[in-house]
Structure formats: structure tokens, C-alpha cells
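Here the structure is laid out as C-alpha cells; the discussion comes afterwards.
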Amino acid sequence: MTHHFSEDLLLIRAFIAVNLAAPVIEEIAKVRSALQEARGDIRWTRVEGLHLTLKFLGDIARGQAEPIL
């Protein structure tokens, strides 16, 4: 049996977010560095990937994301 799936039905984890200004990222990086020294056993997010999530949309079909973009 062959199944055909539309790309529009593939789920993606979606959210609406804004990038942070460089000075904010730099301050967060300083705090993170200090915390890393104290708690090295925690898995940390890359500083380059930091953002401010305004609304988490959850898992949505790829086709639903197009109108948002």
C-alpha cells in the first residue's frame, strides 16, 4: 500500500517571536556564563538562538504557517 502525504500536512513547532537587540544578548550571555560556572551540569541554549517568544502556537500543519509569515 502506498501513502501519499502532502507537505502541507507535516507538523512544525511554531511560535511568534522577536529577536533581541545585541546589547541585551550580550548581558544575557554574561549572566549565562556566570551561571554556567556555578551549574555546569545544565544543558544551555546557544546565545545565538535566543529570542523573546510572544505566542507559542504549538504543533501546526506547515500550510497553516504560510499566512503567518
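The numbering used here numbers the first residue of the sequence shown as 336 and each following residue consecutively. Just so you know, even glycine gets a beta-carbon here, dropped at the ideal spot from N, CA and C. Quick caveat: nothing in here was measured; it's all calculated off a predicted structure.
{"Check": "Verify whether the separation of the beta carbon atoms of L385 and I363 is less than 8 Å.", "Outcome": "yes"}
{"Check": "In terms of DSSP beta bridges, what is K390 paired with?", "Outcome": "I351"}
{"Check": "Does the distance from the C-beta atom of I395 to that of I347 stay below 8 Å?", "Outcome": "yes"}
{"Check": "What first and last residue would you give for the alpha helix (DSSP H) that runs through L361?", "Outcome": "The identity of residue 361 in the sequence shown is Glu, whereas the question assumes Leu. First-last of the alpha helix (DSSP H) with E361: 357-373."}
{"Check": "Could you give the distance in angstroms between the alpha-carbon of L355 and the alpha-carbon of L387?", "Outcome": "7 Å"}
{"Check": "Tell me whether the beta-carbon of L345 lies closer than 8 Å to the beta-carbon of R397.", "Outcome": "yes"}
{"Check": "Mapping DSSP to helix, strand and coil, what is L344?", "Outcome": "helix"}
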